[in-house]
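Here's the structure we're looking at; comments come further down.
This is the structure:
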């Protein structure tokens with residue numbers, strides 16, 4: 045009897061430890077967002093991906109429909125090649141366009157898909173042709189400054 | 147005078163090398179004796195009960211309070227930059243990567259390590275280990291190996307409990323007390339904590355600490371002078387050496403894992 049109760053307590057201790065690990069993996073970590081469902085790869089090319097990272101979400105209408113699979117550099121066109129792994133459950137038209145967006149002001153970057161009107165759907169290995177690069181803050185500021193400077197010059201002339 | 151100092155240094159070096167060699171030999175003898183415990187797994191479960199279950203209270207309470215403090219201090223700092231939503235991420239990362247394994251190992255050295263050293267030391271002082279050898283029972287197999295593996299098994303479990311309770315403590319203070327948005331707290335945490343890079347590496351750390359702390363405690367007990375004073379010295383050495391070992395091992399592992 046005494047042996048039994050000791051085993052019970054040890055078993056409960058081990059279960060508690062395992063439950064804590066499970067809690068850490070599911071609730072604190074990103075285990076729950078690891079999808080083991082089937083996906084199909086779609087390739088996109090961007091002039092500039094900004095701070096996009098692997099495993100960043102791919103969203104359409106705000107819903108996560110896939111993840112960024114791989115990022116590489118193409119030294120022929122000097123563009124970034126981004127592979128998107130889209131959930132097999134979701135189909136998109138062939139003329140879908142991809143944008144790199146930022147969640148919130150300083151949040152992480154993700155890819156937004158905007159479906160087009162084509163009747164054929166994207167299949168594995170297809171390329172999304174219409175893309176829009178990430179907004180780089182420095183470029184935005186310099187554009188703003190230049191346009192301000194140009195305005196100032198025009199004002200002087202008048 | 148100078149010659150005396152040089153010879154003192156020489157003696158210290160020689161003793162150090164002898165000690166390291168002896169510890170290494172004991173470690174491999176211990177590993178060699180370990181497969182035998184598979185035949186009597188109850189020896190290990192009994193020790194897990196002693197080492198793990200009885201350490202549970204101090205680990206859980208410490209974890210809770212470390213989580214509380216992380217919640218308060220983290221909020222104070224993050225609020226200066228207007229990014230208190232990242233509180234969950236801060237609490238979870240600091241616990242799973244560093245504080246969970248390290249503080250658990252330090253507490254474990256104080257709570258379980260000392261009792262292991264004192265137990266083995268007194269067994270040796272009472273010549274119980276010698277008596278076992280007389281009866282052709284290898285004390286390494288019967289006494290030391292079960293305690294060693296119990297410590298190695300219990301440490302990662304305790305560290306996981308510490309981290310989980312700590313995150314809960316941070317949640318209580320951050321969300322319930324201060325009023326950080328609950329959705330942001332958890333979603334930032336999930337977006338930032340990686341299962342393999344952060345959580346699994348923390349578990350690896352705590353396994354390494356389990357090996358180190360338990361072995362140091364058992365070795366010090368086994369090498370203690372068989373007198374009351376010797377046992378008390380060995381217990382002190384366990385805490386000091388185990389704590390320092392945990393700290394430098396942590397630095398080493400962090401540099402290897404997260405560079």
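Residue numbers (our numbering), protein chains in the order written: chain A, 45 to 202; chain B, 147 to 405.
Backbone N, C-alpha and C define an ideal beta-carbon position, used for all residues, glycine too.
Let me see if you follow: with CB-CB separation under 8 angstroms, is residue 345/B close to chain A or not?
Taking the first residue of the second chain as position 1, residue 345/B is located at position 199. At least one chain A Cβ lies under 8 angstroms of residue 345/B.
What runs of the alpha helix (DSSP H), each 4 residues or longer, lie entirely inside the stretch 284-331 of chain B?
Listed in chain order, they are 291-317.
Hey, is residue 95/A's beta-carbon within less than 8 angstroms of any beta-carbon in chain B?
Counted from its first residue, the first chain places residue 95/A at position 51. Contacts with chain B at 8 angstroms (Cβ-Cβ) do not include residue 95/A.
Please tell me whether residue 192/B has its Cβ less than 8 angstroms away from any Cβ of chain A.
What you label residue 192/B is simply residue 46 of the second chain in a count that begins at 1. Chain A, which has a Cβ nearer than 8 angstroms to the Cβ of residue 192/B, makes this yes.
Residue 150/B: buried (16+ other C-beta within 10 angstroms of its C-beta) or exposed?
Walking along the second chain from the start, residue 150/B turns up at place 4. With fewer than 16 Cβ atoms within 10 Å of its Cβ, residue 150/B is classed as exposed.
If residue 203/A and residue 195/B are in contact, beta carbons under 8 angstroms, what's the gap, nearest whole angstrom?
For residue 203/A there is no data in the structure shown, the boundaries of chain A being 45 and 202.
How do the stretch 365-382 of chain B and the stretch 334-349 of chain B stand: do at least 3 beta-carbon pairs fall below 8 angstroms, yes or no?
Here the stretch 365-382 of chain B makes no contact with the stretch 334-349 of chain B; the two share fewer than three CB pairs at distances below 8 angstroms.
Please work out which residues of its chain come closer than 6 angstroms, Cβ to Cβ, to residue 285/B, disregarding the five sequence neighbours upstream and downstream, and give them in chain order.
By one-based count along the second chain, residue 285/B stands at place 139. Closer than 6 angstroms at Cβ, skipping near neighbours: 275 and 278.
By the criterion of Cβ-Cβ separation under 7 angstroms, what are the contact partners of residue 58/A in chain B?
Residue 58/A sits at position 14 when you count from the first residue of the first chain. The answer, in chain order, is 303.
State the beta-bridge partners of residue 175/A as determined by DSSP.
For the purposes of this step, residue 175/A is taken as the residue at position 131 of the first chain. Beta-bridge analysis with DSSP links residue 175/A to 142/A.
Leaving out the 5 sequence neighbours to the left and right, which residues in its chain are closer than 6 angstroms to residue 366/B when beta-carbon positions are compared?
Here residue 366/B corresponds to residue number 220 of the second chain, with the count starting at 1. Setting aside the 5 residues that flank it on each side, residue 366/B is surrounded in the same chain by 263, 380, 383 and 384, each with a C-beta closer than 6 angstroms to its C-beta; the list follows chain order.
If you draw a straight line from the alpha carbon of residue 235/B to that of residue 179/B, how long is it in whole angstroms?
Taking the second chain and counting its residues from 1, one reaches residue 235/B at position 89. Taking the second chain and counting its residues from 1, one reaches residue 179/B at position 33. The straight-line gap from Cα to Cα measures roughly 44 angstroms.
Rounded Cβ spacing between residue 315/B and residue 245/B (contact assumed at less than 8 angstroms):
Walking along the second chain from the start, residue 315/B turns up at place 169. Walking along the second chain from the start, residue 245/B turns up at place 99. In fact, because the Cβ distance is near 11 angstroms, the residues do not count as touching under 8 angstroms.
Whether residue 92/A touches residue 111/A by CB criterion (8 angstroms)
Numbered from its first residue, the first chain carries residue 92/A at position 48. Numbered from its first residue, the first chain carries residue 111/A at position 67. The answer is no: Cβ separation not under 8 angstroms.
Sequence-distant residues of the same chain with beta carbon closer than 7 angstroms to residue 321/B, five excluded per side
Against the second chain, residue 321/B aligns to sequence position 175. Only 328 and 331 meet the Cβ criterion.
Going by other Cβ atoms of all chains shown within 10 Å of its Cβ, with 16 needed for buried, is residue 247/B buried or exposed?
As a working note, residue 247/B is residue 101 in the second chain. The residue is buried, with at least 16 neighbouring Cβ atoms inside 10 Å.
With a threshold of 8 angstroms between beta carbons, is residue 203/B in contact with chain A?
Working through the second chain from its first residue, we reach residue 203/B at position 57. Answer no: the Cβ-Cβ gap between residue 203/B and chain A never drops below 8 angstroms.
Residues that residue 335/B contacts on chain A, provided the C-beta gap is smaller than 7 angstroms:
Taking the first residue of the second chain as position 1, residue 335/B is located at position 189. What residue 335/B touches in chain A: 72.
So which residues of chain B does residue 108/A contact, with C-beta pairs closer than 9 angstroms?
Indexing the first chain from 1 puts residue 108/A at position 64. Those do not exist, as residue 108/A stays about 12 angstroms from chain B at its closest Cβ, beyond 9 angstroms.
What residues from chain B crowd round residue 90/A, counting only those whose CB sits closer than 8 angstroms?
Sequence index remark: in the first chain, residue 90/A carries index 46 (1-based). Simply none; closest approach about 22 angstroms.
What does residue 148/B reach in chain A if we use C-beta pairs closer than 8 angstroms?
Position 2 of the second chain, counting from 1, holds the residue named residue 148/B. Here the premise fails: no neighbours, minimum Cβ distance about 56 angstroms.
What residue range does the beta strand (DSSP E) around residue 155/A cover?
Indexing the first chain from 1 puts residue 155/A at position 111. DSSP places residue 155/A inside the beta strand (DSSP E), whose first and last residues are 153-158.
Pull up the distance between the alpha-carbon of residue 405/B and that of residue 393/B, whole angstroms please.
By 1-based counting over the second chain, the position of residue 405/B is 259. By 1-based counting over the second chain, the position of residue 393/B is 247. Counting only the Cα atoms, residue 393/B lies some 18 angstroms from residue 405/B.
Cross-strand partners of residue 137/A (DSSP beta bridge)
Counted from its first residue, the first chain places residue 137/A at position 93. Answer is 165/A, bridged to residue 137/A.
Contacts of residue 307/B in chain A (Cβ-Cβ under 8 angstroms)
For the purposes of this step, residue 307/B is taken as the residue at position 161 of the second chain. Near residue 307/B (Cβ distances below 8 angstroms), the residues of chain A are 60, 61 and 64.
Run through chain B and tell me which residues come within less than 8 angstroms of residue 69/A, C-beta to C-beta.
As a first step, residue 69/A must be located in the first chain, where it is residue number 25. Simply 341 and 345.
Three-state secondary structure (DSSP) at residue 71/A?
As a position in the first chain, residue 71/A is number 27, starting the count at 1. Three-state result, residue 71/A: helix.
Return the Cβ separation of residue 255/B and residue 370/B in integer angstroms, given the expectation that the two are a contact with Cβ distance under 8 angstroms.
The count along the second chain starts at 1 and reaches residue 255/B at position 109. The count along the second chain starts at 1 and reaches residue 370/B at position 224. Beta-carbon to beta-carbon, residue 255/B and residue 370/B are separated by about 16 angstroms, too far to satisfy the 8 angstroms threshold.
Against chain A, with Cβ distances strictly below 8 angstroms, would residue 199/B count as a contact?
Position 53 of the second chain holds residue 199/B. Yes, contact with chain A.
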